[in-house]
Amino acid sequence: MNQPTKTSEYLAIVCEQMRWKKAHHVVTQEIENHIIDQRDAYIADGLDEETATVNAIKEMGDPVLVGTALDRTHRPKVAWSIIILTSCIVIFGFIVRLFMINSGDSPGSVTDNITALLLGIGCMIIVYFIDFTILGKYAKIIYIGLVVFTILGMFFFPTIYGQHRFILYIILLFPVVFAAIIYQMRSKGYLGIIMSVVFFIIPVLFALEAPSFASATLFVVTGLLLFTIAIIKGWFHVNRLLALLIVYTPIITLVALIISGNRVWERVKLALINAFQMEGGDYITSIVWEIIAGAKLFGQGAAELHMNIALPAIHAEFLLIYFIHKLGWISFIGMMAFIITFIIRAYILSSKQKSVLGKLVSISVITTFTLQVMLYVAFSFGILIFSPPSLPLISDGGLTLIVNMMLIGILISVFKSGDLVRDRLPRQNPHKLLEFNNGKIIIHLKTKER
């Protein structure tokens with residue numbers, strides 16, 4: 014019996030004891046490397062290769078006992094804390110939406126909300142059981158598919174008040190795919206950074222086409238955060254300062270052109286002035302301040318307003334103000350406590366990810382979620398700079414719920430099996446003429462062997 018067969022039989026018995034098949038490849042690779050190292054040590058001591066292999070395998074111990082022990086340690090890590098917090102937020106949002114429907118303050122229906130909830134849960138479960146590493150393997154294909162899907166949506170989905178609402182929610186998926194693009198491009202040095210910048214710009218243009226400055230802001234901030242983390246941690250293997258200049262120069266230039274061309278600074282200045290001016294501000298801000306001033310800790314506030322008339326789209330952009338008025342500050346405090354706990358817990362779990370792909374993907378999801386909350390809260394309290402996409406898992410609207418549930422499905426998928434991911438750089442082309450390495454261009458001049 015040859016040595017590879019002996020090793021393979023040992024590994025097969027070990028894997029038979031392990032129920033989680035996803036862990037088989039990682040475990041067998043580690044054990045095999047250990048056997049090879051020990052075999053080489055025995056050979057160095059003077060043993061022949063076959064005897065050295067047999068001794069190395071014996072030293073590993075009984076394969077049944079080894080496999081049983083590994084089965085106890087290598088199991089899916091279900092992020093129950095994230096699942097429980099997500100459930101609490103989803104249930105809270107569902108109850109609030111039903112309350113608004115029963116009060117006649119929402120155009121939705123109970124059936125629509127139940128359907129959206131079931132679809133969202135279904136999508137989250139499906140994404141959870143799909144191996145998230147396919148993002149790293151097929152990043153470009155998934156990106157191109159998402160781009161095509163977005164373009165088709167622009168033609169087939171109607172605009173609402175001159176805005177492509179469909180794009181607003183699809184943009185939420187781009188940061189995750191962009192994280193995978195960075196992961197795939199990290200082996201290409203400066204060329205990878207430049208190509209990533211190109212991939213970065215397209216979702217921004219989609220957001221502006223919607224138009225939605227909030228969606229553009231969300232993607233730009235998340236994308237720059239991913240870029241910065243990847244560069245500072247040295248994942249591109251280039252000069253960090255030069256790489257940051259390559260990334261930030263075109264992106265800041267693009268943002269400056271957008272701001273100057275759309276008078277964004279004037280909107281920001283006006284929004285901030287109105288937000289902190291309780292009297293004499295614009296109509297919407299004045300109503301918001303009136304509701305807040307009359308709100309109570311428990312129960313309905315003192316402001317005498319018909320919410321649907323006082324604040325247009327109360328079920329969408331001003332949902333927070335609605336239940337502060339109807340249910341009291343305690344509802345807002347309780348909801349934000351769950352959301353903030355969710356965000357903190359998710360960031361803690363993300364920080365423990367050892368793989369580059371797991372860390373980038375999890376950070377992209379958490380940051381997307383966090384920015385949605387920040388933009389929504391700011392708008393609800395009168396800082397009317399950009400109309401926010403949604404308050405994740407709570408806002409009215411089936412598509413926003415489904416998309417955010419999918420993102421959380423990806424997140425808990427990372428937390429489930431991220432420890433098993435082994436980052437591998439794509440194989441380099443041995444016949445490559447040009448190579449970018451640490452700011453240098455290396456030209457390989459090879460002659461054929463005679």
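All letters in the sequence shown, in the order written, are residues 14 to 463 by my numbering. From the three backbone atoms N, C-alpha and C, an ideal C-beta is built for every residue, glycine too. Note that the structure is predicted; figures quoted are calculated from it, not measured.
(message) Tell me the residue span of the alpha helix (DSSP H) that contains PHE168.
(response) Going by DSSP, PHE168 is part of the alpha helix (DSSP H) stretching over 152–169.
(request) Have a look at the DSSP bridge pairing and note the partners of ILE173. (result) ILE173 pairs with GLN176.
(request) Counting only the same chain and skipping the five closest in sequence on each side, list residues whose C-beta sits under 8 Å from that of VAL189. (result) The residues are LEU148, VAL374, SER377, VAL378, THR381, LEU420, ILE423.
(request) Leaving aside the five residues before and after TYR156 along the sequence, list all residues of the same chain whose C-beta is less than 7 Å from its C-beta, in chain order. (result) When the five nearest sequence neighbours on each side are left out, the beta carbons in the same chain lying within less than 7 Å of the beta carbon of TYR156 are those of VAL190, ILE194, PHE212, in order along the chain.
(request) Please state whether DSSP places ASN68 in a helix, a strand or coil. (result) When secondary structure is reduced to three states using DSSP, ASN68 falls in the helix class.
(request) Work out the CA separation of LEU238 and GLN441 for me, nearest whole Å. (result) For GLN441, the predicted structure reports a pLDDT of 47, less than 50, and the residue's modelled location is therefore unreliable. A value from the coordinates is still provided. One C-alpha to the other measures close to 28 Å.
(message) Rounded to whole angstroms, what is the Cα-Cα separation between ALA220 and PHE169?
(response) Cα atoms of ALA220 and PHE169: separation of roughly 17 Å, rounded to the nearest angstrom.
(request) Would you kindly report the start and end of the unbroken alpha helix (DSSP H) that includes LYS339? (result) Counting along the chain, the alpha helix (DSSP H) containing LYS339 begins and ends at 332–340.
(request) Give the DSSP-derived three-state secondary structure of PRO405 in the structure shown. (result) Here DSSP, grouped into helix, strand and coil, assigns PRO405 to coil.
(message) I'd like the span of the alpha helix (DSSP H) that includes TRP93, first residue to last.
(response) It spans 93–115 - the alpha helix (DSSP H) in which TRP93 sits, taken as one unbroken run.
(request) Please state whether DSSP places ARG52 in a helix, a strand or coil. (result) Look at ARG52 here: in three-state DSSP terms it is helix.
(message) Please list the terminal residues of the continuous alpha helix (DSSP H) segment that includes PHE212.
(response) Annotation: the continuous alpha helix (DSSP H) that includes PHE212 extends over 202–222.
(request) Report, in whole angstroms, the separation of the C-beta atoms of ILE96 and ILE407, which I expect to be a contact under 8 Å. (result) Rounded, the Cβ-Cβ distance is 17 Å, inconsistent with contact.
(message) I'd like to check one pair, LYS429 with PRO89: are the Cβ atoms closer than 8 Å?
(response) Yes, the pair counts as a contact, with Cβ atoms nearer than the cut-off.
(request) Assess, as a yes-or-no matter, whether the region 103–114 is touched by the region 59–68 under the definition of 3 or more beta carbon pairs within less than 8 Å. (result) Cβ pair count under 8 Å is below three, so no.
(message) Please report the distance separating the alpha-carbon of ASN451 from that of LEU132.
(response) Legend: pLDDT at ASN451 = 44, less than 50; position of this residue unreliable, no value from coordinates given.
(request) Hey, could you find the ends of the alpha helix (DSSP H) ASN8 is sitting in? (result) The structure shown does not extend to residue 8, since the chain spans only 14 to 463, so no value can be given for it.
(request) Compare the Cα-Cα distances from GLU45 to each of MET73, ILE398, GLY341 and report the closest residue. (result) Distances from the CA of GLU45 to each of MET73, ILE398, GLY341 were compared; the closest alpha carbon is that of MET73.
(request) Leaving aside the five residues before and after MET31 along the sequence, list all residues of the same chain whose C-beta is less than 8 Å from its C-beta, in chain order. (result) Excluding positions up to five away in sequence, the list reads HIS37, VAL40, GLY80, LEU83, ASP84, HIS87.
(request) Could you check what DSSP says for ASP84 in three-state terms: helix, strand or coil? (result) Looking at ASP84 - three-state DSSP - the assignment turns out to be helix.
(request) Measure the alpha-carbon distance for ALA129 versus LEU412 and round it to whole angstroms. (result) Cα to Cα, ALA129 sits roughly 8 Å from LEU412.
(request) Please work out which residues of its chain come closer than 6 Å, Cβ to Cβ, to GLY293, disregarding the five sequence neighbours upstream and downstream, and give them in chain order. (result) For GLY293, the predicted model reports a pLDDT of 48, less than 50, meaning its position is unreliable and no value from the coordinates is stated.
(message) Which residue marks the beginning of the alpha helix (DSSP H) containing PHE394, and which one marks its end?
(response) Where PHE394 is concerned, there is no enclosing alpha helix (DSSP H), given that its DSSP letter is neither H nor E.
(message) Only counting the same chain, and skipping five residues up and downstream in sequence, which positions put a Cβ closer than 7 Å to that of ALA229?
(response) Contacts found: VAL217, ALA220, LEU221.
(message) Could you tell me the alpha carbon to alpha carbon distance between ILE343 and LEU388, rounded to whole angstroms?
(response) Between the alpha carbons of ILE343 and LEU388 lies a distance of about 21 Å.
(request) Can you grab the Cα-Cα spacing for the pair PHE187 / GLU63, in whole Å? (result) Roughly 53 Å separates the two Cα atoms.
(request) Going by CA-CA distance only, name the one from PRO76, GLN51, PHE142, ASN417 that's closest to LYS35. (result) Residue PHE142 is the option with its Cα nearest to LYS35.
(request) Consult DSSP for PRO120 and reduce its assignment to one of helix, strand or coil. (result) DSSP places PRO120 outside both helix and strand once states are collapsed to three, so it counts as coil.
(message) Whole angstroms are fine: how far does the CA of LEU254 sit from the CA of ILE361?
(response) Looking at the two C-alpha atoms, the distance is approximately 28 Å.
(request) Report yes if the C-beta distance between ILE304 and GLY312 is below 8 Å; otherwise report no. (result) No, they are not a contact pair.
(request) From the DSSP output, in three-state form, read off PHE345 for me. (result) In this structure, DSSP gives PHE345 a helical state, which the three-state scheme calls helix.
(request) Report the three-state DSSP secondary structure of GLN441 (helix, strand or coil). (result) Unreliable placement is indicated for GLN441, whose pLDDT of 47 sits below 50; no coordinate value is reported for it.
(request) Compute the distance between the beta-carbons of LEU240 and GLY202, then report whether it is under 8 Å. (result) In the sequence on display, residue 240 carries Phe and not Leu. Against a cut-off of 8 Å, the Cβ pair of GLY202 and PHE240 comes out as no contact.
(message) Quick check: the Cα distance between LYS372 and SER363, rounded to an integer number of angstroms?
(response) Between LYS372 and SER363, the C-alpha separation is close to 6 Å.
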